[in-house]
Amino acid sequence: MLNVTEIHPEYVTDMNGVKKSVILSLSDFYALLENLDDLAAIAERKDEPTMSHQQVVEELVLDSSLRSE
Numbered sequence: 052m053l054n055v056t057e058i059h060p061e062y063v064t065d066m067n068g069v070k071k072s073v074i075l076s077l078s079d080f081y082a083l084l085e086n087l088d089d090l091a092a093i094a095e096r097k098d099e100p101t102m103s104h105q106q107v108v109e110e111l112v113l114d115s116s117l118r119s120e
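Position 45 of the sequence shown, counting from 1, maps to 96 under the numbering used here, and the rest follow consecutively.
Okay, structure coming up:
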């Protein structure tokens with residue numbers, strides 16, 4: 052996830068110095084979009100049941116997706 056302190060926006064101001072627009076690098080813009088997508092997925096899945104790491108490993112072993120040690 053992108054940390055807000057890593058973004059370096061430039062501001063477009065009017066004649067009174069009031070900020071009217073923001074200019075971001077493309078990499079910052081795409082990183083913000085990716086963060087937005089991640090947060091939307093988290094919000095959509097917040098009520099889904101969870102599994103412990105051990106449960107996931109056990110299911111993967113049963114499905115032969117992971118070899119047991």
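Don't be surprised by glycine CBs; every beta carbon is placed ideally from N, CA and C. From a predicted model like this one, the values you see are computed outputs, not experimental measurements.
Inset, instruction - Determine the extent of the alpha helix (DSSP H) in which S78 is found, giving its start and end residues. - result: Taking the first residue of the sequence shown as position 1, residue 78 is located at position 27. Looking at the DSSP string, the run of the alpha helix (DSSP H) that includes S78 is 77-95.
Legend entry - As assigned by DSSP and simplified to three states, the class of E61: Translated into the one-based positions of the sequence shown, residue 61 becomes position 10. E61 falls in the strand class under three-state DSSP.
Inset, instruction - Round the Cβ separation of L53 and A82 to the nearest angstrom and send it over; I've been treating them as touching at under 8 Å. - result: Numbered from its first residue, the sequence shown carries residue 53 at position 2. Numbered from its first residue, the sequence shown carries residue 82 at position 31. Rounded, the Cβ-Cβ distance is 4 Å, consistent with contact.
Inset, instruction - Pull up the DSSP beta-bridge partners for V73, would you. - result: To locate residue 73, count along the sequence shown from 1; it is residue 22. DSSP lists Y62 as partners of V73.
Legend entry - Where the alpha helix (DSSP H) containing V108 begins and where it ends: Residue 108 sits at position 57 when you count from the first residue of the sequence shown. 104-113 is the span of the alpha helix (DSSP H), which, as asked, contains V108.
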